[in-house]
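Residue 183, in UniProt numbering, is where the sequence shown stops; the numbers in between run on with no holes.
Beneath this line is the structure, given in structure tokens, with notes to follow.
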Amino acid sequence: MSSQPVPSSFDGDSEFEEETSLQKFRRRLKEEPLIPIGCAATCYALYRAYRSMKAGDSVEMNRMFRARIYAQGFTLLAVVAGGMYYKTERKQRKEFEQALEERKSQEKRDAWLRELEIRDREDRDWRERHAAIEAAAKEAGKKPSAAPAPSPEQDAARSSLEPSDRKSIGVLSAVMELMSRRG
Numbered sequence: 001m002s003s004q005p006v007p008s009s010f011d012g013d014s015e016f017e018e019e020t021s022l023q024k025f026r027r028r029l030k031e032e033p034l035i036p037i038g039c040a041a042t043c044y045a046l047y048r049a050y051r052s053m054k055a056g057d058s059v060e061m062n063r064m065f066r067a068r069i070y071a072q073g074f075t076l077l078a079v080v081a082g083g084m085y086y087k088t089e090r091k092q093r094k095e096f097e098q099a100l101e102e103r104k105s106q107e108k109r110d111a112w113l114r115e116l117e118i119r120d121r122e123d124r125d126w127r128e129r130h131a132a133i134e135a136a137a138k139e140a141g142k143k144p145s146a147a148p149a150p151s152p153e154q155d156a157a158r159s160s161l162e163p164s165d166r167k168s169i170g171v172l173s174a175v176m177e178l179m180s181r182r183g
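So this is what it looks like as structure tokens:
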């Protein structure tokens with residue numbers, strides 16, 4: 001079997017959608033809140049250093065550059081500590097996501113197969129009905145007519161839209177036949 005996913009009419013279904021980037025960002029923010037705090041502290045220190053440089057205050061500027069280094073160190077420490085702390089959780093989450101992906105893939109495949117089976121069953125039923133109709137038409141064509149021939153009055157009363165017992169050759173012959181019956 002190929003590694004490509006099986007096509008399905010369920011591709012746009014929201015039940016089978018993955019985690020969006022915003023949902024992932026929120027989840028990661030809840031898992032490791034110290035990293036964004038460290039990034040914000042680093043940005044604030046850079047902003048204050050820039051303002052101090054514009055104002056010409058070199059003492060404050062140097063103090064803010066040191067604060068930026070400390071904030072970057074804190075952020076790096078948060079990344080490393082969070083990585084070590086959440087290592088097992090990330091591994092479990094990855095296994096869970098793989099199992100979830102396999103389950104969703106299997107559900108998609110099963111739904112697609114059910115859809116194909118339904119379509120196949122409908123097609124088979126249609127073919128059986130069609131074969132039964134054809135068999136009944138052939139059987140009706142083989143049987144001699146047991147009913148008495150209609151009288152000219154009954155024949156004149158028939159609608160031109162009703163199917164006749166005989167097959168006509170074409171529209172012209174049907175019109176000529178109607179004219180001959182009247183005349």
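Cβ atoms here follow ideal geometry from the backbone N, Cα and C, with glycine treated the same way.
All of these numbers come straight from a predicted model, not from anything done at the bench.
For T42, the enclosing alpha helix (DSSP H) begins and ends at 34 to 55. Going by beta carbons, F74 and G38 fall inside the 7 Å limit. In the three-state reduction of the DSSP assignment, Y86 falls in the coil class. Each residue's CA atom was taken as its position, placing G82 and L116 some 48 Å apart. Contact between V79 and I35 holds, since their C-beta atoms are separated by about 6 Å, short of 8 Å.
L22 and L29 have their alpha carbons spaced roughly 10 Å apart. When secondary structure is reduced to three states using DSSP, E139 falls in the helix class.
Around the CB of A140, fewer than 16 other CB atoms lie within 10 Å, so the residue is classed as exposed. Rounded to whole angstroms, the Cβ separation of A49 and F25 is 28 Å, and the two are not in contact under 8 Å. Scanning E18, L77, T20 for the CA closest to the CA of E32 turns up L77.
The beta carbon of A71 sits closer than 7 Å to those of G38, A41, T42, A45, all from its chain and outside the five residues before and after it, given in chain order. Around the beta carbon of R51, fewer than 16 other beta carbons sit within 10 angstroms, so the residue counts as exposed.
A distance below 8 Å between beta-carbons, with the five flanking residues on each side excluded, links R68 to the following residues of its chain, in chain order: T42, A45, L46, A49.
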